Every structure is written in structure tokens, then in C-alpha cells.
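Visitor: Same order as they appear, the protein sequences are chains A and B. Mapping to the numbering used here: the first sequence position 227 is 227, numbers consecutive. Start counting at 1 in the second sequence, then tack on 1000, and there's your number in the numbering used here. Every residue, glycine too, gets a C-beta built ideally from N, C-alpha and C. Since this is a predicted model, take the numbers as computed values, not measurements. Supplied in C-alpha cells, the structure appears directly below.
There are 2 protein chains.
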Amino acid sequence: MSERVVPEPQRRRRRPTKQGVVLSQELIVDTALRLVGQHGAEALTVRRLGAALGADPSAVYRYFHSTDDLLLALAEELIARAQQGWEPTGDWRADLREIGLRIHAGYRSHPQAALLAAHRTTGRAHEIAAVEAILGILRTAGFPDPEAVRIYHAFVDQSLGFAVLDAAALALPAAAQSADLRVWQASYARLDAEAHPHIAATAHLLAADMGRSGYPFALDLLLDAAEARLAAARR
Amino acid sequence: MSERVVPEPQRRRRRPTKQGVVLSQELIVDTALRLVGQHGAEALTVRRLGAALGADPSAVYRYFHSTDDLLLALAEELIARAQQGWEPTGDWRADLREIGLRIHAGYRSHPQAALLAAHRTTGRAHEIAAVEAILGILRTAGFPDPEAVRIYHAFVDQSLGFAVLDAAALALPAAAQSADLRVWQASYARLDAEAHPHIAATAHLLAADMGRSGYPFALDLLLDAAEARLAAARR
DNA sequence: AGCGTACGACAGCGCAGTTGACGTAGTACA
DNA sequence: TGTACTACGTCAACTGCGCTGTCGTACGCT
């Protein structure tokens, strides 16, 4: 990973492409997010991005050194959108729940960005604001600092992790999903109750949950546990 | 996704490759796992796999129709390894914790397989055994069936999600990690305490946690919450 | 011994990310 | 207004990817 060669301050020369489009970092990021949203994560390639922009694919490299760089910019944009129009209510539990659902929903449609965001740091304004907001909620709620930091990490990574898994499921081609359903019915639903009593007893429940995201429930579990620890710390 | 064209029952003809290796599904799976373990998830390509096997890359397609198929086999193998040598102790909380750590550790070195395993179903023996074991622990602990299924999903997806994120971090080239560290120090550590009081107060704690997996802590939170719900259900 | 075929090798397709050279169009300054 | 500079869009090409169709051969069966 080299230094950022591409100048961050705004560019001065703007020449339209052959198709008359004036490029910019924002336009490229927006177009990339639109591509991913419409055609899935696998549709995001430099070549397709160039086509969608109406420019030569290599023009992208005038604004980002690599796709890694571009994905970091996508991550920052998603963080920004997740915070847009959000105001804390003062109820720490409700606030965290709302933020969690927003992060999850935002990244769900952009799994590659979620993978990066989880362990890279953009160091830019919106990311810093998000960290500050979440830590602020926890600390003003009364969590001691070490606990607040640990819960912060668990909270963020949980929402990103579920988003990545859910996004991967959504990105599967329809044929693969129906194939899995067939495999499932052939393998699980017909197991005999003697060898696999627990699966047999809950097969109908497992089937009902297939394809639904378990994130909201997992988030509630995390908030339950956090609340219990807060009560214990106050005692 | 077509039907499985490659015959599952064991093959009869075995001709060594030019380099004298006799191929088989097991050998290919083992070699693929070794490749991923040694050189990261990105090292797993059909061409490199062929080279590691001492065979032409296209020979792999005699045993799996696609990389998707191969990854499903890797997933099944990882599930098998995670269960190897494990015996339930009867303490549901300790048992779940042990299983969670095993799944996390296993998939952590094989993120692509984890991504697939989370929302595909292999329908094969070891996967079924794992589902049966986890559900069994929850149901004999006393969780009502619907709750047991929901906790099962949250538990599995949490461990897979963290494994994917952690694996992605491990797979980053060393240069990217040091670049991020520099960005972090430049952006976060020097924030003024007025604009970002919460980050400033916990900067040292955040730095100490960088790069460490938050999974064990998040797992404990989930188990805490489950235990509380079990107590409530019994009451 | 001989036949049928499973399987390994080879060549090649389309697509991916990325790079370096090139020329032009826009800006800045006189 | 003119001129020099250079940012930026384009082009062509390199490497490596998953995957396929074809071919010959050596294995295992009868």
C-alpha cells in the first residue's frame, strides 16, 4: 500500500469524456454504489464502472489508486449515509439499536465495502463522527471506559459481520438458492427422528427462518447483555 | 447451478499425473486447505491449486464442477474438523462456548469457505451432525423450541461473521496494516479533546484493542443474554 | 488380450485489475 | 490575447483468473 499519490484537494482541470461526462470522486463513488445496489456486489468491476460512467475504465485510476482505495471511499460514504438524518433520543438502548440497524442495512447491500470497513480505517470525517457518537452513547449511559470500548467493538463487528453474511446470501444467483432449498429438503426435512431428534423436532421452525436475517434478534441479545452489565456496574 | 455431474461414488480409474501424484477429492481438499492456511484466502485459485497438487489446473474439474463446489467441500471438511475430538460436558454454556470458539478458529483461516457456509447448505453428514449437536445442547438446557432455533441462528451467524471479518483482517498485506496504523495515528490519536471528547478519553484503549478479535467477548455477551432468557422462561 | 472409458494434459476463450505512453484540452500567468 | 504547463481521458497491452472442449493414453474389466 503506497502513499496516496492522487491529490486529495479538489482537482482543477476538468475535461469531459468522449460521452460528455465530467468525472469526479463523488460521481464515481455514487455510480459504484448504484452499480452494486442494482446488480449485486459482483457487478462492481473497474471495466463495468467505466462503462456505467461513460468513460474509459482506466480513468478511474486518476481518482483512486486501486479498487481497494475506491472501496475505502465507498465505506466512508456508507458511514455518512447511515448517520444522515439521525438524532440521538437520549435513550442509549434505543439509540444503539437504531444505529445498529442503520449500519446493518447500509452495508447489507455493499458487502465488499463492509469487509473492508470492518478492519480498515478511513480516518475521514464521517468515520470519526460515527465512532464518537457510539462511544458517546455508551459513556454517557454510564459504562466504564474499558467496558464501553469492548462493547463498542462487539457492537460494530456484529453489525458488520451479519451484514456481510446477509449480503452474501442475497448476492447468490437465484439458481443457487433454489438448489440449496432442494438440498435442504432432501437432506434435512426427511431425517429420521431417531438419529436426529432435535432437528426433527424443530425442522418446521428452521425452515421458517431460512433466508431471514437473524441480526435484529442478535442485536437485542447484545443489548440485553449490555444492559445487565450496566446494572451490575452501577450496583 | 446445475446438478452434480461429477460422480460421487468413488472413482475407479486412477492415473498418476506427470509428476506422479494420484489425485482424489480428499487430496484436493487437503491441499486447498493447506494453501489457504499458508498463503491466505487469496492464494486459493484453480491454477495455484493445480501447481500445488502437481497437476494441470483443469484436472480439478474432474472432481468438482466449479470452485463453488470445491468451497462447499472445504466447508464440510472444516465443520468436520471443528467437531473432531469434541465431547459435550453437560454444561450447556461451556459446551456452546467451546463450539463457538472452535467454529470461529476453524473458519478464521478459511474466510471464503465461511462466507459460503453461512448461507449455503452442504446437506452432508458433518453439517447435519453439527446442527443436531447445537440444537441438542439448547433444547436439553431447557430453551423452548422457537427460542432455541433463534439462538441457534444467532450463535452460528455470530461466529461465522466474526470469523469472516477477522480472516479479512489477517489476509491484509502487511503494508496495508502498517498504512492503516499510520492513518490511525495521524487521524485519531491527535484529535482535540473538545471536538471529540469520547474518542480522546478512550484513545489508549482503542489502540490497545486494535487487531485483537472481539469474538470471545461478543460470545460471552450472547451467552449472558441466553442465560437470562432461560432463567426467565423457567420462571 | 483387447476394449471401452475415465482422466490428465493442452490450448484457448472471455473477463478481471493494473500500467505506461500519448495527445489534447483546460488553466494560469504574461 | 498568447503561450507554456500539466491534469486528465484514451489507448493498448500485460498478467492472471475461472472455465471449456478436445485429444490421447493408460487403466481396469471381461
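So, under 8 Å CB-CB, A/F162 and A/H104 are touching, yes? Tell me the CB distance rounded to an integer number of Å.
Guide: Correct: roughly 6 Å between the Cβ atoms.
Visitor: Closer than 8 Å by beta-carbon distance: list the chain B residues that pair up with A/Q128, in chain order.
Guide: Strictly speaking, residue 128 of chain A in this sequence is Ile, with Gln absent from that position. By Cβ distance, chain B contributes S1187, Y1188, L1191, H1196, I1199.
Visitor: How many angstroms separate the CA atom of A/R15 from the CA atom of A/G214?
Guide: Distance between the alpha carbons of A/R15 and A/G214 is about 48 Å.
Visitor: For A/D95, count the other beta carbons within 10 Å of its own beta carbon; 16 or more makes it buried, fewer makes it exposed. Which is it?
Guide: By the neighbour-count rule (16 or more Cβ atoms within 10 Å), A/D95 is buried.
Visitor: So the candidates are A/A207, A/D209, A/A114, A/A218; which of them puts its Cα closest to the Cα of B/Q1158?
Guide: Nearest C-alpha to B/Q1158: A/A218.
Visitor: Rounded to whole angstroms, what is the Cα-Cα separation between B/I1199 and A/A80?
Guide: Cα to Cα, B/I1199 sits roughly 18 Å from A/A80.
Visitor: Cα-Cα, which of A/P144, A/A169, A/H153 is closest to A/L230?
Guide: Comparing Cα positions, the closest option is A/P144.
Visitor: Grab me the residues of B/Q1019's own chain with a C-beta within less than 8 Å of its C-beta, minus the 5 sequence neighbours each way, in chain order.
Guide: Around B/Q1019: G1054, A1055.
Visitor: Starting from the Cα of B/A1082, find the closest Cα among B/G1090, B/T1089, B/E1098, B/A1195 and give me that residue.
Guide: The option with the nearest alpha carbon to B/A1082 is B/E1098.
Visitor: Which whole-angstrom value is the C-beta distance of B/L1033 and B/Y1063, which I expect to be below 8 Å?
Guide: Their Cβ separation, rounded to whole angstroms, is 15 Å, which puts B/L1033 and B/Y1063 out of contact at 8 Å.
Visitor: Taking 8 Å as the CB-CB limit, is A/W184 close to chain B?
Guide: A/W184 counts as touching chain B.
Visitor: Does the beta-carbon of A/L221 have 16 or more other beta-carbons within 10 angstroms, so that it is buried, or is it exposed?
Guide: It is buried - the Cβ of A/L221 has at least 16 other Cβ atoms within 10 Å.
Visitor: Can you list, in chain order, the residues of its chain with a C-beta nearer than 7 Å to that of B/Y1152? Leave out the 5 residues immediately preceding and following it.
Guide: Hits under 7 Å: I1134, L1135, L1138.
Visitor: Residues in its own chain within less than 7 Å of A/E76 by CB, not counting five upstream and five downstream?
Guide: For A/E76, where only same-chain residues beyond five positions count, the Cβ hits under 7 Å are T122, R124, H126, E127.
Visitor: Please determine, among A/G50, A/E87, A/F155, the residue with the shortest C-alpha to C-alpha distance to A/T21.
Guide: Per the sequence shown, the amino acid found at residue 21 of chain A is Val instead of Thr. For the residues A/G50, A/E87, A/F155, the minimum Cα distance to A/V21 belongs to A/G50.
Visitor: Quick one: list the residues of chain A neighbouring B/T1121, beta-carbon separation under 8 Å, in chain order.
Guide: Result: D180, V183, W184, S187, Y188.
Visitor: Name the chain B residues that come within less than 7 Å of A/F217, Cβ to Cβ?
Guide: Simply R1150, A1154.
Visitor: Could you tell me if B/A1225 is buried or exposed, where buried requires 16 or more neighbouring beta carbons within 10 angstroms of its beta carbon?
Guide: So B/A1225 ends up on the buried side.
Visitor: So, B/L1035 versus B/L1044, is the Cβ gap smaller than 8 Å?
Guide: In contact: B/L1035 and B/L1044 (Cβ atoms closer than 8 Å).
Visitor: Which residue from A/R102, A/L71, A/W92 puts its Cα closest to that of A/G85?
Guide: The shortest Cα separation from A/G85 among A/R102, A/L71, A/W92 belongs to A/R102.
Visitor: Should B/R1120 be labelled buried (16 or more other beta-carbon atoms within 10 Å of its own) or exposed?
Guide: That one is buried.
Visitor: Just checking my contact of B/A1167 with B/R1093 at CB under 8 Å: how many whole Å lie between their CB atoms?
Guide: In fact, because the Cβ distance is near 26 Å, the residues do not count as touching under 8 Å.
Visitor: Buried or exposed for A/R234, please, with buried defined as at least 16 other CB atoms from any protein chain shown within 10 angstroms of its CB.
Guide: Flag for A/R234 reads exposed.
Visitor: List the endpoints of the continuous alpha helix (DSSP H) containing A/R234.
Guide: Per DSSP, A/R234 belongs to the alpha helix (DSSP H) from 215-234.
Visitor: Taking the C-alpha atoms as reference points, what is the distance between A/T89 and A/E227?
Guide: Taking the straight line joining both Cα atoms gives about 17 Å.
Visitor: Does B/F1143 come out as helix, strand or coil in the three-state DSSP assignment?
Guide: Of the three classes helix, strand and coil, the one that applies to B/F1143 here is coil, per DSSP.
Visitor: Closer than 8 Å, CB to CB, is B/T1202 near chain A or not?
Guide: Cβ-Cβ to chain A under 8 Å: yes for B/T1202.
Visitor: I'd like the span of the alpha helix (DSSP H) that includes A/E87, first residue to last.
Guide: Looking at the DSSP string, A/E87 is not in any alpha helix (DSSP H), and its letter there is neither H nor E.
Visitor: Run through chain A and tell me which residues come within less than 7 Å of B/V1029, C-beta to C-beta.
Guide: Correct list: empty, because the minimum Cβ distance to chain A is about 19 Å.
Visitor: B/L1071 to A/A141, Cα distance in whole Å?
Guide: Whole-angstrom Cα-Cα distance: 44 Å.
Visitor: Hey, which unbroken runs of the alpha helix (DSSP H) at 4 residues or more fall wholly within the segment 1047-1118 of chain B?
Guide: Complete alpha helix (DSSP H) runs here, min 4: 1067-1083, 1092-1108.
Visitor: Which same chain residues, not among the five before or five after B/G1037, have their C-beta less than 6 Å away from its C-beta?
Guide: Around B/G1037: S1109.
Visitor: By the three-class DSSP mapping on this structure, what secondary structure does A/V164 have?
Guide: The answer is helix: DSSP assigns A/V164 an H, G or I state.
Visitor: Looking only at C-alpha atoms, which of B/G1100, B/A1154, B/A1207 sits nearest to B/R1182?
Guide: Taking only the C-alpha atoms, the option nearest B/R1182 is B/A1207.
Visitor: Going by beta carbon distance, what residues of the same chain come within less than 8 Å of A/T17, once the five residues before and after it are set aside?
Guide: The residues are L23, L53, G54, A55, D56, A59.
Visitor: Chain B partners of A/G161, CB-CB under 8 Å?
Guide: Near A/G161 (Cβ distances below 8 Å), the residues of chain B are D1157, Q1158, L1160, G1161, F1162, V1164, L1165.
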